[in-house]
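Remarks on the structure that follows.
In mature numbering (1 follows the signal peptide of the UniProt record, and there is no 0), the protein residues as written are -31 to -1, 1 to 478.
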């Protein structure tokens, strides 16, 4: 209720306002009164609570939001924003307030509290305000400033913590995962991702975020912490948001970036250690044994083969591991160490899976990352989500998470062709069934079959699928050959897989 009254009371004062504001700035905090008993010449300002930090003071032309109580000299209240549960939101220094309030707000800090004594000639003068303010009334206001901004403001980003290693920075069209605490400029909390127990996941520069947050996240590194201050016109503007964000409110976000990737990302390889002698690099179809530490992009460890004191054993390029790992392992040498970064679309994607590392299935990104490694090689693999666990993640892996693997190749063996459990190094025996039928009764039970296959392996004539239990593999081979499942193989049932494949091709043709 301290807005400017009729034009006849305000227009003459506008011509001297700049000079009066300058004088007020020089004398702020002291006020200025006439000799004892005489009327006040200017606003008296008592700053009875000043916050320790004051990064910004109110200036002419600023937009402010504040609460107030207004009383007369005898303490009788004539108005209060608290009673209406509505903040005052207005521009300072352009004639929209009574002159005394304009002057009294100048130089205030957010969360500062002031008591203003405004003489009649800087308030409602000799006319007053009908039914509320009598003529020649001195006005007393207790004011707390809650927000200040200007139409020339931009997003303010302050780096609170930046990790020493920054593999990439946020760019437009990136997909990010981050935690945040959101407050108003006075510190009132309105939202937090931590309270919901999950990161906020979204695309940058695609219209999913308020404009100020889109700008404030650009250039961030995984693990970086920022304070982002957003003016209302780059946030929720004049309408606010529900009951938690008032109209024309500046917003403050404390952000921790967890993860960033782009749908166009591929597996990133970084060789950390490469042995001098690398006579053989891993290719698709190889069987590998390797150690790894798996972490999210912010360094959070989600799995490690070292913790189980056992290597991870699998085929590369056969779909047993996530696409990103499949890529990252190819070309590795024994003894090489690599860092493999896998984006979500090459890991566990949007839907995730209950399959976890160490369960004989690995993400595609790891499958790729292991190829080409030498024994003894160490690599760091960065696997994007689409080659890892995707948007929905997996047990211990959040949705849309970029995965970071540090891999050391311990050993490797040549794999078998897809669908094969056993192969001969040379041609198979010409009289295969007769050699297999040890007691020459025209039937081959499981015991004879197992003894024959093991003898072939021991004599160096053939090899079983590596990385599997030999007895289980042989049992599976027997079940495949026992066509009628009567517990024995006959000459009519016994067929080489290569012959079966040729028959299948012939039937299809």
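Note that CB positions come from ideal geometry on N, CA and C, so glycine has one too.
For the beta strand (DSSP E) that residue i lies in, which residues bound it at each end?
| i | result |
| --- | --- |
| residue 49 | 46 to 49 |
| residue 310 | 306 to 311 |
| residue 40 | 32 to 40 |
| residue 454 | Taken as a continuous stretch (DSSP letters only), residue 454 belongs to no beta strand (DSSP E), as it is neither H nor E. |
| residue 283 | 281 to 284 |
| residue 265 | 256 to 265 |
| residue 401 | Here residue 401 belongs to no beta strand (DSSP E); instead the alpha helix (DSSP H) covers 401 to 405. |
| residue 177 | It is not in any beta strand (DSSP E) - residue 177 carries neither H nor E in the DSSP assignment. |
| residue 541 | The structure shown does not extend to residue 541, since the chain spans only -31 to 478, so no value can be given for it. |
| residue 358 | Residue 358 -> no beta strand (DSSP E), and no H or E assigned at all. |
| residue 160 | 158 to 161 |
| residue 272 | 270 to 273 |
| residue 465 | Neither: residue 465 is in no beta strand (DSSP E) and is coded neither H nor E. |
| residue 431 | 431 to 433 |
Across which residues does DSSP place residue i in a beta bridge pair?
| i | result |
| --- | --- |
| residue 351 | 237, 373 |
| residue 54 | None, per the DSSP bridge assignment. |
| residue 125 | 198 |
| residue 230 | 144 |
| residue 10 | Residue 10 pairs with nothing; no bridge assigned. |
| residue 86 | 13, 109 |
| residue 214 | 210 |
| residue 340 | 299 |
| residue 96 | Paired residues: none, contrary to the question. |
| residue 60 | 32 |
| residue 223 | 150, 196 |
| residue 116 | 34 |
| residue 167 | Residue 167 pairs with nothing; no bridge assigned. |
| residue 316 | 357 |
| residue 380 | 258 |
Find out if the Cβ-Cβ distance for the pair residue i, residue j is shorter than 8 angstroms.
| i | j | result |
| --- | --- | --- |
| residue 342 | residue 372 | no |
| residue 379 | residue 344 | yes |
| residue 66 | residue 36 | no |
| residue 333 | residue 315 | yes |
| residue 166 | residue 159 | no |
| residue 301 | residue 348 | yes |
| residue 291 | residue 238 | no |
| residue 27 | residue 86 | no |
| residue 294 | residue 374 | yes |
| residue 394 | residue 431 | yes |
| residue 236 | residue 338 | yes |
| residue 88 | residue 200 | no |
| residue 124 | residue 181 | yes |
| residue 282 | residue 318 | no |
| residue 91 | residue 69 | yes |
| residue 289 | residue 254 | no |
| residue 80 | residue 155 | yes |
| residue 296 | residue 340 | yes |
| residue 265 | residue 228 | yes |
| residue 163 | residue 226 | no |
| residue 459 | residue 411 | yes |
| residue 381 | residue 256 | yes |
| residue 495 | residue 30 | With the chain running from -31 to 478 in the structure shown, residue 495 is simply not present. |
| residue 241 | residue 312 | no |
| residue 110 | residue 230 | no |
| residue 83 | residue 77 | yes |
| residue 465 | residue 397 | yes |
| residue 402 | residue 463 | yes |
| residue 368 | residue 122 | no |
| residue 14 | residue 64 | no |
Since residue i is in the alpha helix (DSSP H), which residue starts that stretch and which ends it?
| i | result |
| --- | --- |
| residue 420 | 415 to 427 |
| residue 444 | 439 to 450 |
| residue 556 | A query on residue 556 cannot be resolved here, the shown segment of the chain reaching from -31 to 478 and no further. |
| residue 296 | 292 to 297 |
| residue 68 | 68 to 74 |
Any beta carbon from chain B within less than 8 angstroms of residue i's own beta carbon?
| i | result |
| --- | --- |
| residue 426 | Structure shown: chain B not included; a single protein chain is present. |
Say the cut is 7 angstroms; is the CB of residue i nearer than that to a heavy atom of the ligand FAD?
| i | result |
| --- | --- |
| residue 355 | The ligand FAD is absent from the structure shown, which contains no ligands of any kind. |
### Query
Using 8 angstroms as the threshold, is the stretch 302 to 316 in touch with the stretch 242 to 252, meaning 3 or more CB pairs across them?
yes
### Task
Take every Cβ of the stretch 82 to 96, pair it with every Cβ of the stretch 105 to 121, and state whether three or more of those distances are shorter than 8 angstroms.
yes
### Message
For the pair the stretch 29 to 43 and the stretch 105 to 124, tell me if three or more CB-CB distances fall below 8 angstroms.
### Response
yes
### Task
Report yes or no: do three or more beta-carbon pairs, one from the stretch 123 to 135 and one from the stretch 185 to 204, lie closer than 8 angstroms?
yes
### Message
Count Cβ pairs between the stretch 402 to 421 and the stretch 441 to 452 that sit closer than 8 angstroms; are there 3 or more?
### Response
When Cβ pairs closer than 8 angstroms are counted between the two stretches, the stretch 402 to 421 is seen to touch the stretch 441 to 452, the count reaching three or more.
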